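Under the numbering used here, think of the first position of the sequence shown as -7, with each following residue one higher.
Structure, as structure tokens:
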Amino acid sequence: MNRAIILRSTAIGLCLVVGAMAHNRPAPPFHATAATLPQSNDALLVVQKERQRDSGALIEGTITYERDRKRSWRYQRYYVKGRSKGPLAEAVVALSPLDRNPVFSKNRFSKPRTHSVDQKDFRFTPETIAIRAGDRVKFSNSDGALHNVFSPSKIHRFDVNLRKGNESIQTFDRAGGTAEPARLRCAFHASMQAWIYVFDHPHYQVTKVDGRFQLKNVPPGRYELVMAHPAGELKVVKQLTVTAGKTIRLDVRVSPDNKVESKPK
């Protein structure tokens, strides 16, 4: 508290004492409040964050895969709950701003987290994760065989061998978004693969077995909502206009038509 604030608070207290003496009654206790003391920069930042949170929108929905018998998808048994169609698991849903919005692009308030990826039954578990730039990923090996984790990705290159019970922690400082995930492989077992999507904002999610996603506290503006499923090479892009305090419901249906290498009809 600086000197000017102390002097002003003292003056207010003296006025209360003098007024009380003039009427022959004890002076009421004086307590400094938010109305009498200016807010600090930290307090103003908290208020600003709360206002941003209150004005944010909600985007929610479900990703569903529809099978095409003429173009079968060999990964379907792992990610789709149902024979012909069903909710799609391990799909990455994320926003990309079409407007220049500093609140969105520079929102880095969360503390770094540590995520886990295991090598079990000769598979990466889970195969797809999404993290914030600066987060760490702990890789482990639960199999009896010697495994390896390597990534040639530009956002984070590394190459480590893991025996059973060993761990390796990697920090992913650079964001690649939906366009450039870090692809993981095992040098000893070619069928093993996984993907790590790194974002510089909090508006992303990986679907579970129910195929649902929910993006909270989205600032108003125009966005592209991107659905990417790396194992199936599936991708869908939709444009959205987000209004403060509103909820957008979006159910996305994907099929072999949405394969990245597919050509428009």
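All C-beta atoms in this analysis are idealised placements derived from N, C-alpha and C, irrespective of residue type, glycine included.
No experiment lies behind these values; they were computed from the predicted model shown.
**Message:** Please state whether the Cβ-Cβ distance between Val246 and Val229 is less than 7 Å.
**Reply:** As a working mapping, residue 246 is identified with position 254 in the sequence shown. As a working mapping, residue 229 is identified with position 237 in the sequence shown. It is not a contact, given that the beta carbons lie outside the stated cut-off.
**Beta-carbon proximity list for Ala26, same chain, < 7 Å, skipping 5 on both sides** = Sequence index remark: in the sequence shown, residue 26 carries index 34 (1-based). Low confidence applies here, because Ala26 scores a pLDDT of 42, under 50, leaving its location unreliable and the question unanswered by this model.
**Asked** Is the shortest distance between the beta-carbon of His221 and the beta-carbons of chain C less than 7 Å?
**Response** In the structure shown, chain C cannot be found, because there is only a single protein chain.
**Asked** Any idea what DSSP makes of Pro248, helix, strand or coil?
**Response** Counted from its first residue, the sequence shown places residue 248 at position 256. Pro248: helix per DSSP, three-state reduction.
**Request:** Return the CA-CA distance between Lys130 and Leu154, expressed in angstroms with no decimal places.
**Result:** As a working note, residue 130 is residue 138 in the sequence shown. As a working note, residue 154 is residue 162 in the sequence shown. Answer to the nearest angstrom: the Cα atoms are 12 Å apart.
**Prompt:** Which residues bound the beta strand (DSSP E) around Tyr57?
**Reply:** The residue given as residue 57 occupies position 65 in the sequence shown. That run of the beta strand (DSSP E) goes 49 to 58.
**Item:** Asn158, buried or exposed, once every other Cβ within 10 Å from all chains shown has been counted against 16
**Value:** Along the sequence shown, read from residue 1 onward, the residue named residue 158 stands at position 166. Answer is exposed; the Cβ neighbour count stays below 16.
**Item:** Whole-angstrom distance between Arg128 and His139, CA atom to CA atom
**Value:** For the purposes of this step, residue 139 is identified with residue 147 of the sequence shown, where counting begins at 1. For the purposes of this step, residue 128 is identified with residue 136 of the sequence shown, where counting begins at 1. Cα atoms of His139 and Arg128: separation of roughly 20 Å, rounded to the nearest angstrom.
**Pick from Arg92, Lys251, Thr56, Tyr215 that is closest to Gly224, judged by C-alpha positions** = As a first step, residue 224 must be located in the sequence shown, where it is residue number 232. Gly224 has its Cα closest to that of Lys251, out of Arg92, Lys251, Thr56, Tyr215.
**Item:** Option in Phe191, Cys178, Phe116, Lys77 with minimal Cα separation from Glu172
**Value:** The residue you call residue 172 lines up with position 180 of the sequence shown. Answer by Cα proximity: Phe191.
**Prompt:** Per DSSP, Gln111 forms a beta bridge with which residues?
**Reply:** Here the question's residue 111 lines up with position 119 in the sequence shown. Gln111 pairs with Phe116, Asn133.
**Message:** Cutting at 7 Å between CB atoms, please list the residues of its own chain near Arg63, excluding the five before and the five after it.
**Reply:** For the purposes of this step, residue 63 is taken as residue 71 along the sequence shown, with counting starting at 1. Cβ within range, chain order: Pro248.
**Message:** Using 7 Å as the threshold, is the C-beta distance between Val210 and Gly78 below it?
**Reply:** Here residue 210 corresponds to residue number 218 of the sequence shown, with the count starting at 1. Here residue 78 corresponds to residue number 86 of the sequence shown, with the count starting at 1. Contact: no.
**Prompt:** Can you give the Cα-Cα distance for His181 and Asp91, rounded to whole angstroms?
**Reply:** As a working mapping, residue 181 is identified with position 189 in the sequence shown. As a working mapping, residue 91 is identified with position 99 in the sequence shown. Approximately 43 Å between the Cα atoms of the pair.
**Message:** What does DSSP give as the partner residue(s) for Val201 in the beta ladder?
**Reply:** As a first step, residue 201 must be located in the sequence shown, where it is residue number 209. None; Val201 has no bridge partner.
**Asked** Between the C-alpha atoms of Met184 and Gly237, what's the straight-line distance to the nearest angstrom?
**Response** Here residue 184 refers to the residue found at position 192 of the sequence shown. Here residue 237 refers to the residue found at position 245 of the sequence shown. Distance between the alpha carbons of Met184 and Gly237 is about 43 Å.
**Local Cβ density within 10 Å of Ile161, reported as buried at 16 or more and exposed below that** = Reading the sequence shown from its first residue, position 169 is the one you call residue 161. Ile161 is exposed by the Cβ-count criterion.
**Prompt:** Nearest CA to the CA of Leu50: which residue from Ala220, Gln197, Val201?
**Reply:** Translated into positions along the sequence shown, residue 50 becomes position 58. Checked all of Ala220, Gln197, Val201; the closest Cα to Leu50 is Gln197.
**Request:** Could you tell me the distance, in whole angstroms, from the CA atom of Leu226 to the CA atom of Ala220?
**Result:** Here residue 226 corresponds to residue number 234 of the sequence shown, with the count starting at 1. Here residue 220 corresponds to residue number 228 of the sequence shown, with the count starting at 1. If you draw a straight line from the Cα of Leu226 to the Cα of Ala220, it is about 6 Å long.
**Request:** Drop a sphere of 10 angstroms on the beta-carbon of Glu42, count the other beta-carbons inside from all chains shown, and report buried for 16 or more, exposed for fewer.
**Result:** On the sequence shown, residue 42 is found 50 positions in, with the first residue counted as 1. For Glu42, the predicted structure reports a pLDDT of 41, less than 50, and the residue's modelled location is therefore unreliable. The matter cannot be settled from this model.
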